[in-house]
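K.L.:
According to our numbering, the sequence shown is numbered sequentially starting from 684.
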Amino acid sequence: MRFRIQDEVKDHDIWILNEEYHYYDYIASDQPLSKIWWDNDNLLFDDDIDDELSKILNNNYSENSEKRPDIALFHGEGSAVIVEFKAPGVSVDAYIGDLMEYAQLLAAKSNGKLKKFYGYLIGDQVNANRLTGYTRFPSGRGWFSTTGVVEHSSNERLGELYSEILFYDDVVDKAKKRLNVYKDRINLSLS
C-alpha cells in the first residue's frame, strides 16, 4: 500500500509543526516502514527495516519492541521527518537517543536515499540537565540540536540530524500564531 501525503492531507495535522511538511511526498503514521514506496517501482527501505527497528527498541526498551516513530514523513529530495509524542508526565529527555537511532536506521536501510533528518520529541516534561549538546531557543521554551548521523562500526557519515525538543503547549501556541497570520492577511474571522 502506498501512502501519499497529498492523498491524506485532510487526515493529518502535520502543519501544526511546520506547514512545509505538507509538501512531503510520503507520510507514515503507525504504518510499517517497509511498505513505503520511493517511486512507482521501488520501495524506500530494505524489507527488514521493521524487524531491525524492533530489535533496536527491544534492546533498549523491552516494553516498546513493536514501536516505530509516531509520524514519519519522507521527501523525494532525500529528507525525512521523525515525530515522537510522549505521554503526559513522561520526561522526553529519556528518549533523545531514539531520534538518532531512528535516523541511523532510516539512513542505512534507505541505501543512501535519505540523508537529512528532522526529529521532534514532543511532551510536557523534560530534565534540561540531561540535554547535552542542545541549545535552548531564545524564547526559553524548547531546545534544538544539529549533529551528524554516523554508522559507528565504519565511522561513515550517513547524514545530518536536526532535532527539537518541544512542549505540547508551545506547539499548539505556535500553530495558532501561524494560523492567525493567515487569517489576518485574508481578513477571515472564525468566531
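Yeah, the Cβ is synthetic: ideal placement off N, Cα and C, and Gly gets one too.
Quantities reported herein were computed from a predicted structural model and do not represent experimental measurements.
Can you give me the Cβ contacts of Y845 inside the same chain, cut-off strictly under 6 Å, excluding the 5 residues immediately before and after it?
P.N.:
Y801, T829
K.L.:
Locate the alpha helix (DSSP H) running through I779, then write down its first and last residues.
P.N.:
779 to 792
K.L.:
What does the Cβ neighbour count give for E767, buried or exposed, with the cut at 16 atoms within 10 Å?
P.N.:
buried
K.L.:
Assess, as a yes-or-no matter, whether the stretch 817 to 831 is touched by the stretch 846 to 858 under the definition of 3 or more beta carbon pairs within less than 8 Å.
P.N.:
Yes, they touch.
K.L.:
Hey, quick one: how far does the beta strand (DSSP E) through A763 stretch, first residue to last?
P.N.:
762 to 768
K.L.:
How about L782 and I754: do their beta carbons lie closer than 8 Å?
P.N.:
No; because the gap between Cβ atoms is not below 8 Å, this pair is not in contact.
K.L.:
With three or more C-beta pairs closer than 8 Å as the rule, is the stretch 810 to 817 touching the stretch 849 to 859?
P.N.:
no
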